[in-house]
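In my numbering, the protein residues as written are 42 to 344.
Even for Gly, the Cβ is constructed at its ideal location relative to N, Cα and C.
Predicted, not measured: the structure shown is a model, and the values here were computed from it.
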(Lines of atoms letter the chains of each structure in order from A; the text may use other names.)
(Lines give C-alpha, C1' and ligand atoms only; values in the text may rest on other atoms or scores of the structure.)
Protein backbone atom coordinates (compact mmCIF):
# COMPACT_ATOMS: atom_id res chain seq x y z
CA UNK A 42 0.00 0.00 0.00
CA UNK A 43 1.37 3.40 -0.99
CA UNK A 44 0.82 6.38 1.28
CA UNK A 45 2.55 8.95 -0.95
CA UNK A 46 4.21 9.41 -4.33
CA UNK A 47 7.71 9.34 -2.89
CA UNK A 48 7.19 5.66 -2.13
CA UNK A 49 6.17 5.06 -5.75
CA UNK A 50 9.33 6.78 -6.98
CA UNK A 51 11.46 4.84 -4.52
CA UNK A 52 10.07 1.56 -5.90
CA UNK A 53 10.98 2.62 -9.44
CA UNK A 54 14.60 3.43 -8.62
CA UNK A 55 15.44 -0.28 -8.77
CA UNK A 56 14.27 -0.43 -12.42
CA UNK A 57 15.69 0.85 -15.68
CA UNK A 58 14.20 4.16 -16.93
CA UNK A 59 10.99 3.82 -18.94
CA UNK A 60 11.12 5.41 -22.42
CA UNK A 61 8.34 8.01 -22.73
CA UNK A 62 7.01 10.06 -25.65
CA UNK A 63 5.78 13.53 -24.69
CA UNK A 64 3.16 15.13 -26.97
CA UNK A 65 3.42 18.92 -27.38
CA UNK A 66 6.25 19.15 -24.87
CA UNK A 67 6.62 22.93 -25.02
CA UNK A 68 5.02 23.56 -21.65
CA UNK A 69 7.03 24.72 -18.61
CA UNK A 70 5.29 22.54 -16.03
CA UNK A 71 5.57 19.47 -18.27
CA UNK A 72 9.25 20.14 -18.95
CA UNK A 73 9.95 20.57 -15.23
CA UNK A 74 8.25 17.26 -14.53
CA UNK A 75 10.15 15.53 -17.34
CA UNK A 76 13.44 16.90 -16.06
CA UNK A 77 12.77 15.77 -12.48
CA UNK A 78 11.61 12.35 -13.67
CA UNK A 79 14.78 11.96 -15.73
CA UNK A 80 17.00 13.07 -12.82
CA UNK A 81 15.26 10.53 -10.59
CA UNK A 82 15.97 7.79 -13.14
CA UNK A 83 12.29 7.19 -13.90
CA UNK A 84 12.24 7.92 -17.63
CA UNK A 85 14.17 8.60 -20.79
CA UNK A 86 12.09 10.89 -22.97
CA UNK A 87 11.36 11.84 -26.55
CA UNK A 88 10.04 15.40 -26.67
CA UNK A 89 7.68 16.08 -29.56
CA UNK A 90 6.85 19.72 -30.25
CA UNK A 91 8.23 23.03 -31.45
CA UNK A 92 12.00 22.59 -31.15
CA UNK A 93 12.75 26.32 -30.80
CA UNK A 94 10.05 26.84 -28.19
CA UNK A 95 11.19 23.80 -26.20
CA UNK A 96 14.83 24.88 -26.32
CA UNK A 97 14.05 28.46 -25.32
CA UNK A 98 11.83 27.32 -22.48
CA UNK A 99 14.47 24.90 -21.25
CA UNK A 100 17.06 27.69 -21.19
CA UNK A 101 14.76 29.88 -19.08
CA UNK A 102 14.25 26.97 -16.70
CA UNK A 103 18.01 26.27 -16.67
CA UNK A 104 17.38 22.75 -17.93
CA UNK A 105 19.92 20.59 -19.72
CA UNK A 106 18.37 18.92 -22.77
CA UNK A 107 21.58 17.20 -23.87
CA UNK A 108 20.17 13.76 -23.04
CA UNK A 109 16.71 14.45 -24.48
CA UNK A 110 15.69 13.56 -28.02
CA UNK A 111 13.56 16.28 -29.64
CA UNK A 112 11.32 15.74 -32.66
CA UNK A 113 10.26 18.99 -34.27
CA UNK A 114 6.49 19.13 -34.77
CA UNK A 115 5.08 22.58 -33.95
CA UNK A 116 1.41 21.69 -34.45
CA UNK A 117 0.04 20.28 -31.13
CA UNK A 118 -2.44 17.92 -32.82
CA UNK A 119 0.22 16.47 -35.09
CA UNK A 120 2.61 16.30 -32.14
CA UNK A 121 0.08 14.11 -30.32
CA UNK A 122 -0.19 11.78 -33.32
CA UNK A 123 3.60 11.63 -33.67
CA UNK A 124 4.03 10.74 -30.00
CA UNK A 125 1.30 8.08 -30.24
CA UNK A 126 2.98 6.63 -33.35
CA UNK A 127 6.31 6.41 -31.53
CA UNK A 128 4.64 4.41 -28.77
CA UNK A 129 2.88 2.20 -31.31
CA UNK A 130 6.23 1.50 -32.98
CA UNK A 131 7.78 0.49 -29.67
CA UNK A 132 10.13 3.47 -29.43
CA UNK A 133 8.43 4.51 -26.19
CA UNK A 134 6.45 2.65 -23.52
CA UNK A 135 4.52 5.51 -21.93
CA UNK A 136 2.61 8.33 -23.64
CA UNK A 137 2.56 11.73 -21.90
CA UNK A 138 0.20 14.62 -22.61
CA UNK A 139 1.83 18.04 -22.78
CA UNK A 140 0.38 21.34 -23.99
CA UNK A 141 -2.37 19.88 -26.17
CA UNK A 142 -6.14 19.82 -25.81
CA UNK A 143 -7.38 16.66 -24.10
CA UNK A 144 -9.86 15.74 -26.85
CA UNK A 145 -7.15 16.09 -29.52
CA UNK A 146 -4.77 14.02 -27.42
CA UNK A 147 -7.37 11.28 -26.90
CA UNK A 148 -8.15 11.16 -30.63
CA UNK A 149 -4.47 10.54 -31.28
CA UNK A 150 -4.32 7.85 -28.59
CA UNK A 151 -7.34 6.04 -30.02
CA UNK A 152 -6.49 6.42 -33.72
CA UNK A 153 -6.50 2.94 -35.24
CA UNK A 154 -3.29 3.50 -37.20
CA UNK A 155 -1.20 3.81 -34.03
CA UNK A 156 -2.29 0.43 -32.69
CA UNK A 157 -2.74 1.47 -29.06
CA UNK A 158 -6.31 0.28 -28.64
CA UNK A 159 -6.95 -3.10 -27.04
CA UNK A 160 -10.72 -3.49 -27.42
CA UNK A 161 -11.23 -2.60 -23.77
CA UNK A 162 -12.96 0.49 -22.48
CA UNK A 163 -10.42 3.25 -21.95
CA UNK A 164 -10.81 4.94 -18.56
CA UNK A 165 -9.11 7.49 -16.34
CA UNK A 166 -7.76 6.64 -12.91
CA UNK A 167 -6.70 9.44 -10.58
CA UNK A 168 -4.60 8.96 -7.46
CA UNK A 169 -4.76 11.71 -4.84
CA UNK A 170 -2.24 12.40 -2.11
CA UNK A 171 -4.51 14.20 0.34
CA UNK A 172 -3.19 15.98 3.45
CA UNK A 173 -4.47 14.11 6.49
CA UNK A 174 -5.57 10.99 4.57
CA UNK A 175 -3.45 7.95 5.50
CA UNK A 176 -2.87 6.58 1.98
CA UNK A 177 -3.27 7.40 -1.69
CA UNK A 178 -6.94 7.70 -2.60
CA UNK A 179 -7.93 6.52 -6.08
CA UNK A 180 -10.87 7.84 -8.11
CA UNK A 181 -12.38 6.71 -11.41
CA UNK A 182 -13.61 7.92 -13.90
CA UNK A 183 -13.51 11.69 -13.72
CA UNK A 184 -11.63 12.22 -16.96
CA UNK A 185 -12.88 10.26 -19.97
CA UNK A 186 -16.25 8.49 -19.85
CA UNK A 187 -18.97 11.14 -19.69
CA UNK A 188 -22.09 9.28 -18.58
CA UNK A 189 -21.14 5.60 -18.36
CA UNK A 190 -23.76 2.89 -18.58
CA UNK A 191 -23.77 0.02 -16.13
CA UNK A 192 -21.79 -2.13 -18.57
CA UNK A 193 -19.21 0.63 -19.01
CA UNK A 194 -18.93 1.05 -15.24
CA UNK A 195 -18.15 -2.66 -15.00
CA UNK A 196 -15.27 -2.17 -17.45
CA UNK A 197 -14.06 0.98 -15.68
CA UNK A 198 -14.04 -0.90 -12.39
CA UNK A 199 -12.17 -3.84 -13.94
CA UNK A 200 -9.45 -1.49 -15.20
CA UNK A 201 -9.00 0.19 -11.83
CA UNK A 202 -9.16 -2.96 -9.70
CA UNK A 203 -6.59 -4.72 -11.88
CA UNK A 204 -4.28 -1.74 -11.50
CA UNK A 205 -4.68 -1.55 -7.70
CA UNK A 206 -4.20 -5.29 -7.37
CA UNK A 207 -0.97 -5.02 -9.40
CA UNK A 208 0.19 -2.27 -7.02
CA UNK A 209 -0.05 -4.75 -4.18
CA UNK A 210 -3.45 -3.79 -2.77
CA UNK A 211 -4.63 -7.37 -2.48
CA UNK A 212 -8.23 -6.63 -1.54
CA UNK A 213 -9.09 -3.13 -2.80
CA UNK A 214 -11.97 -1.50 -0.92
CA UNK A 215 -14.25 0.10 -3.50
CA UNK A 216 -17.02 2.60 -2.71
CA UNK A 217 -19.57 3.11 -5.48
CA UNK A 218 -20.50 6.71 -4.75
CA UNK A 219 -23.97 8.21 -4.69
CA UNK A 220 -25.82 10.93 -2.74
CA UNK A 221 -26.96 8.47 -0.05
CA UNK A 222 -26.79 4.83 0.94
CA UNK A 223 -30.42 3.97 0.16
CA UNK A 224 -31.47 2.38 -3.12
CA UNK A 225 -34.08 4.61 -4.73
CA UNK A 226 -35.63 3.76 -8.13
CA UNK A 227 -35.91 7.51 -8.79
CA UNK A 228 -32.12 7.73 -8.53
CA UNK A 229 -30.76 5.29 -11.15
CA UNK A 230 -27.23 5.77 -9.82
CA UNK A 231 -28.22 4.04 -6.58
CA UNK A 232 -29.77 1.11 -8.44
CA UNK A 233 -26.63 0.62 -10.53
CA UNK A 234 -24.47 0.94 -7.42
CA UNK A 235 -26.34 -1.91 -5.77
CA UNK A 236 -25.98 -4.01 -8.92
CA UNK A 237 -22.22 -3.40 -8.96
CA UNK A 238 -22.01 -4.34 -5.28
CA UNK A 239 -23.87 -7.58 -6.01
CA UNK A 240 -21.43 -8.32 -8.85
CA UNK A 241 -18.57 -7.69 -6.46
CA UNK A 242 -20.02 -10.11 -3.92
CA UNK A 243 -20.27 -12.70 -6.70
CA UNK A 244 -16.56 -12.33 -7.48
CA UNK A 245 -16.86 -10.46 -10.77
CA UNK A 246 -14.13 -8.04 -9.63
CA UNK A 247 -11.86 -10.64 -8.08
CA UNK A 248 -10.96 -10.07 -4.45
CA UNK A 249 -12.14 -6.43 -4.42
CA UNK A 250 -14.63 -5.42 -1.74
CA UNK A 251 -17.29 -3.48 -3.66
CA UNK A 252 -20.05 -1.71 -1.75
CA UNK A 253 -22.68 0.79 -2.72
CA UNK A 254 -24.57 2.94 -2.96
CA UNK A 255 -22.33 4.86 -0.58
CA UNK A 256 -22.03 8.61 0.09
CA UNK A 257 -18.58 10.14 0.22
CA UNK A 258 -18.54 10.78 3.96
CA UNK A 259 -19.17 7.13 4.77
CA UNK A 260 -16.59 5.98 2.22
CA UNK A 261 -13.72 7.94 3.78
CA UNK A 262 -14.78 8.42 7.42
CA UNK A 263 -15.25 5.55 9.87
CA UNK A 264 -16.63 8.11 12.34
CA UNK A 265 -19.40 9.13 9.92
CA UNK A 266 -20.29 5.47 9.41
CA UNK A 267 -20.49 4.88 13.17
CA UNK A 268 -22.65 7.94 13.74
CA UNK A 269 -25.03 6.78 10.98
CA UNK A 270 -25.03 3.21 12.30
CA UNK A 271 -23.67 1.73 9.09
CA UNK A 272 -21.81 -1.57 9.32
CA UNK A 273 -19.55 -1.90 6.30
CA UNK A 274 -16.20 -3.43 5.33
CA UNK A 275 -15.50 -0.47 3.04
CA UNK A 276 -16.73 2.45 5.14
CA UNK A 277 -13.91 4.67 6.32
CA UNK A 278 -11.24 2.73 4.44
CA UNK A 279 -12.05 3.09 0.75
CA UNK A 280 -9.08 2.73 -1.59
CA UNK A 281 -11.10 3.49 -4.72
CA UNK A 282 -14.06 5.78 -5.35
CA UNK A 283 -16.18 4.95 -8.40
CA UNK A 284 -18.04 8.12 -9.36
CA UNK A 285 -21.38 8.17 -11.22
CA UNK A 286 -20.24 10.39 -14.11
CA UNK A 287 -17.50 12.68 -15.36
CA UNK A 288 -19.01 15.82 -13.80
CA UNK A 289 -19.04 14.45 -10.27
CA UNK A 290 -15.56 12.99 -10.66
CA UNK A 291 -14.13 16.19 -12.10
CA UNK A 292 -15.67 18.36 -9.40
CA UNK A 293 -14.65 16.04 -6.56
CA UNK A 294 -11.11 15.74 -7.87
CA UNK A 295 -10.60 19.46 -8.33
CA UNK A 296 -12.11 20.11 -4.90
CA UNK A 297 -9.47 17.83 -3.39
CA UNK A 298 -6.75 19.75 -5.21
CA UNK A 299 -7.92 23.33 -4.80
CA UNK A 300 -9.60 23.22 -1.37
CA UNK A 301 -7.66 20.47 0.41
CA UNK A 302 -4.23 20.99 -1.15
CA UNK A 303 -4.14 17.49 -2.62
CA UNK A 304 -1.85 16.41 -5.45
CA UNK A 305 -3.27 14.35 -8.29
CA UNK A 306 -1.59 11.76 -10.47
CA UNK A 307 -3.67 10.72 -13.46
CA UNK A 308 -3.26 7.73 -15.77
CA UNK A 309 -5.35 6.32 -18.59
CA UNK A 310 -5.98 2.57 -18.44
CA UNK A 311 -7.28 0.16 -21.04
CA UNK A 312 -4.83 1.13 -23.81
CA UNK A 313 -1.77 -0.91 -24.77
CA UNK A 314 0.45 1.22 -22.56
CA UNK A 315 -0.19 3.54 -19.60
CA UNK A 316 -0.96 7.12 -20.61
CA UNK A 317 -0.30 10.26 -18.56
CA UNK A 318 -3.31 12.57 -18.79
CA UNK A 319 -3.10 15.73 -16.69
CA UNK A 320 -4.80 19.08 -17.10
CA UNK A 321 -2.64 21.73 -18.74
CA UNK A 322 -3.21 23.74 -15.53
CA UNK A 323 -1.71 21.06 -13.27
CA UNK A 324 1.55 21.71 -11.47
CA UNK A 325 4.91 20.12 -12.25
CA UNK A 326 4.53 18.19 -8.99
CA UNK A 327 1.24 16.68 -10.16
CA UNK A 328 2.64 15.85 -13.60
CA UNK A 329 5.70 14.21 -12.03
CA UNK A 330 3.45 12.10 -9.80
CA UNK A 331 1.47 11.03 -12.87
CA UNK A 332 4.62 10.06 -14.73
CA UNK A 333 5.78 8.01 -11.74
CA UNK A 334 2.45 6.19 -11.51
CA UNK A 335 2.41 5.47 -15.26
CA UNK A 336 5.99 4.18 -15.15
CA UNK A 337 5.12 1.90 -12.26
CA UNK A 338 2.07 0.66 -14.17
CA UNK A 339 4.26 -0.12 -17.19
CA UNK A 340 6.79 -2.00 -15.10
CA UNK A 341 3.96 -4.01 -13.56
CA UNK A 342 2.61 -4.77 -17.06
CA UNK A 343 5.96 -6.15 -18.20
CA UNK A 344 6.83 -7.95 -14.96
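C-alpha distance - residue i paired with residue j, whole-angstrom precision
{"i": "residue 94", "j": "residue 51", "result": "32 Å"}
{"i": "residue 78", "j": "residue 229", "result": "43 Å"}
{"i": "residue 182", "j": "residue 239", "result": "20 Å"}
{"i": "residue 282", "j": "residue 210", "result": "15 Å"}
{"i": "residue 322", "j": "residue 242", "result": "40 Å"}
{"i": "residue 234", "j": "residue 99", "result": "48 Å"}
{"i": "residue 168", "j": "residue 92", "result": "32 Å"}
{"i": "residue 316", "j": "residue 246", "result": "23 Å"}
{"i": "residue 176", "j": "residue 170", "result": "7 Å"}
{"i": "residue 110", "j": "residue 231", "result": "50 Å"}
{"i": "residue 174", "j": "residue 126", "result": "39 Å"}
{"i": "residue 121", "j": "residue 267", "result": "49 Å"}
{"i": "residue 194", "j": "residue 107", "result": "44 Å"}
{"i": "residue 101", "j": "residue 303", "result": "28 Å"}
{"i": "residue 26", "j": "residue 123", "result": "Residue 26 lies beyond the residue range present for the chain, which begins at 42 and ends at 344; the question has no answer from this structure."}
{"i": "residue 68", "j": "residue 89", "result": "11 Å"}
{"i": "residue 206", "j": "residue 212", "result": "7 Å"}
{"i": "residue 342", "j": "residue 80", "result": "23 Å"}
Member of the options whose CA lies at the smallest distance from the CA of residue i
{"i": "residue 290", "options": "262, 101, 186", "result": "186"}
{"i": "residue 45", "options": "274, 111, 216, 331", "result": "331"}
{"i": "residue 256", "options": "270, 293, 217, 297", "result": "217"}
{"i": "residue 64", "options": "116, 47, 156", "result": "116"}
{"i": "residue 340", "options": "155, 142, 53", "result": "53"}
{"i": "residue 248", "options": "274, 130, 285, 254", "result": "274"}
{"i": "residue 222", "options": "276, 73, 189, 161", "result": "276"}
{"i": "residue 143", "options": "329, 327, 319", "result": "319"}
{"i": "residue 202", "options": "97, 338, 151", "result": "338"}
Beta bridge counterpart(s) of residue i as assigned by DSSP
{"i": "residue 181", "result": "283"}
{"i": "residue 135", "result": "61"}
{"i": "residue 164", "result": "310"}
{"i": "residue 110", "result": "87"}
{"i": "residue 170", "result": "304"}
CB-CB length for residue i against residue j, believed under 8 Å
{"i": "residue 314", "j": "residue 134", "result": "6 Å"}
{"i": "residue 214", "j": "residue 263", "result": "So it is not a contact: roughly 12 Å between Cβ atoms."}
{"i": "residue 84", "j": "residue 336", "result": "6 Å"}
{"i": "residue 141", "j": "residue 61", "result": "The Cβ separation is near 15 Å, so there is no contact."}
{"i": "residue 71", "j": "residue 328", "result": "6 Å"}
### Complete runs of the alpha helix (DSSP H) confined to the region 58–90 [at least 4 residues]
Counting only runs of 4 or more, we get 69–80.
### Task
Return the chain-ordered ranges of every beta strand (DSSP E) run that is complete within the region 285–328 and spans a minimum of 3 residues.
DSSP assignment within the region 285–328 yields the following whole beta strand (DSSP E) runs of 3 residues or more, N-terminal first: 304–310.
### Message
My parser needs the beta strand (DSSP E) runs of 3 or more residues fully inside the region 207–257; what are they?
### Response
Runs of the beta strand (DSSP E) inside the region 207–257: 214–218, 250–255.
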